[in-house]
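Numbering of the sequence shown is given in the numbering used here, commencing with residue 604 and proceeding in unit increments.
Just so you know, even glycine gets a beta-carbon here, dropped at the ideal spot from N, CA and C.
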Amino acid sequence: KQWYQRRVAITAGRIGIYDVNSGNMNTSSTYHEKPVYSMSWGYVPTKFSEDPLKTGLYSCGGEGIIFCHKPKELGKTAPNVNSYLAAENNYKHQPPARTAVDWEFNSKLLAVGSSNGVIEIFKAPNLQLLTVFQYHTRIINKLRWGRNEGEKVILKTSTMEENVECPPSDQPQLLLGSCSDDNMICVQDLSSITPSTTPILKSDQTLKGHTARLTDIDWNPHNFKYIVSSCYDGTAQVWDIEQGVGVSSFRGHAGRVFSVRWSHTKIDCVFSGSDEFTVRQWKVSDNVEKNPPKVNPLAPTHKPNNNRKKKKNAKKNVVISENKVEVVSVSDKALTWRKPAPSITTPEPADEPAMKSEPMTVSVSDVKRKRGTKGKSLLPLASRRDHCSKSEQAHQILQIANDIFTDQPDCDSALIPLL
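Following this line, the structure appears as structure tokens:
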């Protein structure tokens, strides 16, 4: 419709429109809070324009909001399409975040994808809801309309020597392709779409084979029998939607592939771009592999173990009075204590080293509890006081320790294991 104006997505969620004739670019005053992931030219709703055929630029950002930017009114606030859809169709619930948008001009249909895998189809000029698709299970990353009409060209592959032209189709098809984080491409025929309140749970064709999330899809403009997809597994894949099989797999990228486009002048040519900051041009017939790799070559070989148990620090550091036991530390596994050094020291024999009052800690990790059994108290088994509180148990431990030292004055340190 406005071929001389090109849409441009700028960083920080801003939208610009570049005029090819004049070389000027104007930026919309309304911007997204997060990066822009999807844009499409479409009809402006009648509520925001008196002309039902007036076109605007629809943009969808990472925060889940769709705006409609009018090329000649970029300085004004762009309408919030999410709010308009909810009011026009009397939504009784909060709609999910929008993630993809694409218009079909001839049929005046708007396709909107959401974060929960739902695809909604709206009809211009008032954007009335026609039908809902629920065959995806995760976020929708890209939507593409395709109209299968005119002469067909069957692409040559590694097993075919040249392209083959076929007669035009008697019944043109209106197709909608979608890709998602569920690693699937779904194709739906909307040639005879009718309003329906019942969600459609199964697509006409499902293409499986990728081992990671899909980022982009594009129809072959020379024959809508073929669709190409890009994926996080580092490949770009050409599919035959009629047969439901892979035709050609390009594996020339060293990183994740984010975008893919068919050439409008060369039948056998495809362009793909990845996170290695390169755009590659390749031919369908040059690829030997027909299907995506069964194992994602870019997936990490191992995952870091974040479930390691951290050592628990000591819970108590208590010092009792001079005549009682000194508790050095109490942990979940052992109690370390010692008797204070006596105030009056006696001379030791010359051939024997002096005894020092140092704390002793012995690990009792070999004492393991069985699952399903009740935890034991801190007291010895003979006490049979397994249901005391921790404060009572600690007090009783100190009393037992003092009694031990009273009965055995020659013992300087001991250990009470926590059973």
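With a minimum length of 3 residues, the unbroken runs of beta strand (DSSP E) contained wholly in the segment 658-692 fall at 658-664, 669-672. In this structure the segment 854-868 lies against the segment 818-828, because at least three pairs of beta carbons, one per stretch, are closer than 8 Å. Distances from the CA of Phe874 to each of Glu892, Lys893, Thr838 were compared; the closest alpha carbon is that of Thr838. In the displayed model, Ala714 falls within a strand according to three-state DSSP. Beta-carbon to beta-carbon, Gly849 and Gly812 are separated by about 6 Å, close enough to satisfy the 8 Å threshold. Contact annotation: the segment 724-734 touches the segment 708-716, with at least three C-beta pairs closer than 8 Å.
Under the Cβ criterion (8 Å, minimum of three pairs), the segment 673-680 does not count as touching the segment 697-706. Annotation for Lys897: no beta strand (DSSP E) segment contains it, and DSSP assigns it neither H nor E.
Here the segment 685-697 does not lie against the segment 733-743, with fewer than 3 beta-carbon pairs under 8 Å apart.
Shortest Cα-Cα distance from Val684 to any of Lys675, Pro674, Pro698 involves Pro698. Looking at the DSSP output, Leu777 sits in a beta bridge with Arg750.
Buried is the label assigned to Gln840, since at least 16 other Cβ atoms lie within 10 Å of its Cβ. Counting along the chain, the unbroken beta strand (DSSP E) around Glu723 starts and ends at 722-726.
The beta carbon of Val647 lies closer than 7 Å to those of Lys657, Thr658, Gly659, Cys671, Lys673 in the same chain, with the five residues before and after it left out. Beta-carbon to beta-carbon, Asp836 and Pro900 are separated by about 7 Å, close enough to satisfy the 8 Å threshold.
If you draw a straight line from the Cα of Ser662 to the Cα of Thr740, it is about 23 Å long. Per DSSP, reduced to three states, the secondary structure at Glu707 is strand.
Taking all protein chains shown into account, Met787 has 16 or more neighbouring C-beta atoms within 10 Å of its C-beta and is therefore buried. In the DSSP assignment, Gly626 falls outside any beta strand (DSSP E) and carries neither an H nor an E. The alpha-carbon of Leu777 is positioned some 35 Å away from that of Ala615. If the five residues before and after Arg747 are omitted, its C-beta is found closer than 7 Å to the C-beta atoms of Asp705, Gly780, Ile820, Asp821, Trp822, all from its own chain and listed in chain order.
By DSSP's assignment, Gln808 forms a beta bridge with Val790. For Phe861, the CB contacts under 7 Å within the same chain, skipping 5 residues up- and downstream, are Thr818, Asp819, Ser833, Gly876, Ser877, Asp878 in chain order.
DSSP, reduced to helix, strand and coil, places Ser994 within a helical segment of the structure shown. Inclusion of Gly847 and Thr809 in the CB contact set at 9 Å is warranted, their separation being smaller than that value. The alpha-carbon separation between Lys828 and Asp784 amounts to approximately 23 Å. Rounded to whole angstroms, the separation of the alpha carbons of Ile620 and Asn627 is 8 Å. DSSP places Asn744 in the strand class (E or B) of the three-state scheme.
Your pair Arg816 and Gly855 does not check out as a contact, with CB atoms roughly 20 Å apart and the cut at 8 Å. According to DSSP, residue pairing for Thr881 in a beta bridge involves Ser877. In the structure shown, the three-state DSSP call for Ile803 is strand. At least 9 Å separates the beta-carbon of Asn826 from that of Cys782.
Separation of the CB atoms of Gly664 and Val639 is rounded to 5 Å, and the pair is thereby assigned contact status at 8 Å.
Bridge partners of Ile820 according to DSSP: Ser832. In this structure, the alpha-carbon of Thr649 lies about 49 Å from that of Val898.
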